[in-house]
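Notes follow the structure.
There are 2 protein chains.
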Amino acid sequence: MHSHSPARRQSGKPVRVLLADDHELVRDGIRARLQKVADLEVVGEATNGREAVSLAEELRPDVLLMDVSMPVMNGLEAARQVRKSLPETAVLVLSVYDNPEYVRGVVQAGARGYILKDISATEMITAITSVATGGYYFSAAVGPTLVGAATSAPVEDPYGLTERERQVLSAIARGQPNKEVAKELGISVRTVESHRLNLREKVGNKNAAQLYKVAQDLGLLD
Amino acid sequence: MHSHSPARRQSGKPVRVLLADDHELVRDGIRARLQKVADLEVVGEATNGREAVSLAEELRPDVLLMDVSMPVMNGLEAARQVRKSLPETAVLVLSVYDNPEYVRGVVQAGARGYILKDISATEMITAITSVATGGYYFSAAVGPTLVGAATSAPVEDPYGLTERERQVLSAIARGQPNKEVAKELGISVRTVESHRLNLREKVGNKNAAQLYKVAQDLGLLD
DNA sequence: CGCGCATTCGGTAGTATTACTGAAAAGCTG
DNA sequence: CAGCTTTTCAGTAATACTACCGAATGCGCG
């Protein structure tokens, strides 16, 4: 009751890859990397999203390795279209951003993988093989944003929260009212209120519901 | 400014794999598959979660390929412990279930991949290579539940919320106070309060901060 | 049609949170 | 030591939310 969707090609035949990036230099670099691998074959190159879509429809590659930021039509929109017209082609997005919002958008557009441009040739090949085999591949840096964080390296904190504030935030996010937070930390309710207000100040004027998100982003919940 | 966390081993050296499954037959099958691959080396085998953890600490494998359902200590708890004591070891979970809840639990326990037992040898090897290289790998069937769909159906709702309640929940989770939710939906504050209280009733007596989590679980936020 | 359910709204009361201002003690740093 | 941050706590007032109560409308279903 699963098993439709992309690829799942026969092993034996090489993986047919279509490259899409507006920078020739980048395409050259990638092609150079991929040409050394027997199992991979670069069947075409596109310089923008629209070209990527039409070339993909013509060539029907196993994998479309595509940059997100391109002129005419960006990779996001292109990914959407390819996923519709060519469900057999796995879209693997290549980007310089490890921004969570960005990653989310990309995978929702139907990409089956997201890799960063600073990865090694080995990893790039693995990623291509992965999506071509029918799986999903994500670079280490973007994985946590997908699975809801909890990596181990405590995400560094863009808000500049103090230790105490993190403790309070954690307790609040777990659903405790100020009174119980106070009891848990052995401080007065007023103090908890102070921290709470400082938190709202620091993270932006978000309400209680939103504090959960922040706590989660900071990995305070596990 | 990323790059800590697991693996990211040198290419050249073989990937050291620790197998954990309570069925000898399964272990034998997997080992047979992996032994044919030069880049992979099975360095040990465990028959339950506790054994997997202690063997992992001793052998420090690149990848721990582990079943979820095992006696003594299940794979979920084992994954958590390994992630704490051995951040360098990538946990790749092997399971027969493509149940969304299950997958979520597993990745939140820190697994860097989730594959189904019915996959091909090729895909299993790709998956192992993927997590060993520092990436995240997910089988085709479980990927959609991770990325929040775009492929499959809108996560079914264990709470039995109504359409209107979902709208209200969504607005609350986005951080709006009742007053603004009312304005947005064109209803009175009292009605929003009703919905809010009904929501708390339905999802359990969680507070405002926790409502965010529910909204997220239900995919109301994107 | 009567019943249940979703949706809407009101009253009243109490609790919680926010928005201010102000301040004291502890610790670190130049 | 003076200045800084962190953490602590207080007063006061407004706003928001919770916990109950009850009730009207509309809609589908047996």
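For the protein sequence lines, the chains are S and V, in the order given. Here the first sequence stands for residues 8 to 229, numbered as in my numbering. Here the second sequence stands for residues 8 to 229, numbered as in my numbering. Ideal Cβ positions, reconstructed from N, Cα and C, are used throughout, including at glycine.
Against chain V, does G167 of chain S count as a neighbour if the rule is that its beta carbon must be under 8 Å from one of theirs?
no
Could you tell me whether any Cβ in chain V is nearer than 8 Å to the Cβ of N214 of chain S?
yes
Tell me, to the nearest whole angstrom, how far the beta carbon of N81 of chain S is from that of V89 of chain S; I am working on the premise that it is less than 8 Å.
So it is not a contact: roughly 13 Å between Cβ atoms.
Where the alpha helix (DSSP H) containing A222 of chain V begins and where it ends:
A215 to D224
Give a yes or no on whether the minimum CB-CB distance between I37 of chain V and chain S is below 8 Å.
no
Taking three-plus beta-carbon pairs below 8 Å as touching, is the region 173-183 of chain V in contact with the region 209-223 of chain V?
yes
Are there 16 or more other CB atoms within 10 angstroms of the CB of A27 of chain V, so buried, or fewer, so exposed?
buried
Relative to the C-alpha of A45 of chain V, which residue among V:P184, V:I132, V:T169 and V:K209 is closest?
V:I132
DSSP state of A118 of chain S mapped onto helix, strand, coil
coil
Who pairs with L66 of chain V in a beta bridge, going by DSSP?
According to the DSSP secondary-structure assignment, L66 of chain V is paired through a beta bridge with no residue.
Since G92 of chain S is in the alpha helix (DSSP H), which residue starts that stretch and which ends it?
It is worth fixing the name first, because residue 92 of chain S is Ser in this sequence and not Gly. S92 of chain S -> alpha helix (DSSP H) spans G82 to S92.
Extent of the continuous alpha helix (DSSP H) run through S127 of chain V:
Note, S127 of chain V: premise wrong, no alpha helix (DSSP H); not H, not E.
Is there a C-beta anywhere in chain S that falls below 8 Å from the one on Y143 of chain V?
yes
Span of the beta strand (DSSP E) around R238 of chain V:
The requested residue 238 of chain V is not part of the displayed model; chain V covers only 8 to 229.
Under 7 Å Cβ-Cβ, which residues of chain V neighbour K220 of chain S?
Y219
Quick check: is the beta carbon of E130 of chain V nearer than 8 Å to any beta carbon in chain S?
E130 of chain V counts as touching chain S.
Indicate whether at least one CB of chain V lies closer than 8 Å to the CB of I194 of chain S.
no
So what does G51 of chain V bridge to, in DSSP terms?
V:L25
Should the region 82-101 of chain V be regarded as contacting the region 118-135 of chain V, the criterion being three or more beta carbon pairs within less than 8 Å?
yes
Please classify V231 of chain V as buried or exposed, where buried requires at least 16 other C-beta atoms within 10 Å of its C-beta.
The structure shown does not extend to residue 231 of chain V, since chain V is modelled only from 8 through 229, so no value can be given for it.
By the criterion of Cβ-Cβ separation under 8 Å, what are the contact partners of G182 of chain V in chain S?
K213, N214, A216 and Q217
Please report the residue range of the alpha helix (DSSP H) in which S201 of chain S lies.
Counting along the chain, the alpha helix (DSSP H) containing S201 of chain S begins and ends at V196 to V210.
Alpha carbon of A128 of chain S to alpha carbon of D35 of chain S, nearest angstrom:
The alpha-carbon atoms of A128 of chain S and D35 of chain S are separated by roughly 13 Å.
Assigned exposure category for V138 of chain V - 16 Cβ within 10 Å defines buried
Flag for V138 of chain V reads buried.
Would you please state the rounded distance, in angstroms, between the beta carbons of E48 of chain V and V22 of chain V? I believe it to be under 8 Å.
7 Å
Would S61 of chain S count as contacting chain V if we go by Cβ distances under 8 Å?
no
From this set, V:V24, V:A63, V:S61 and V:M77, which residue's C-alpha is nearest H30 of chain V's C-alpha?
Closest option to H30 of chain V, Cα to Cα, is V:M77.
Supposed contact pair V50 of chain V and L25 of chain V - C-beta distance, whole angstroms, cut 8 Å:
Indeed, because the Cβ distance is near 6 Å, the residues count as touching under 8 Å.
Mind checking if S146 of chain V is an interface residue toward chain S, Cβ cutoff 8 Å exclusive?
S146 of chain V belongs to the set of residues whose beta carbon lies under 8 Å from a beta carbon in chain S.
According to DSSP, simplified to helix, strand and coil, what is T158 of chain S?
Bear in mind that a pLDDT of 36 at T158 of chain S, under 50, signals an unreliable position, so the model cannot answer this.
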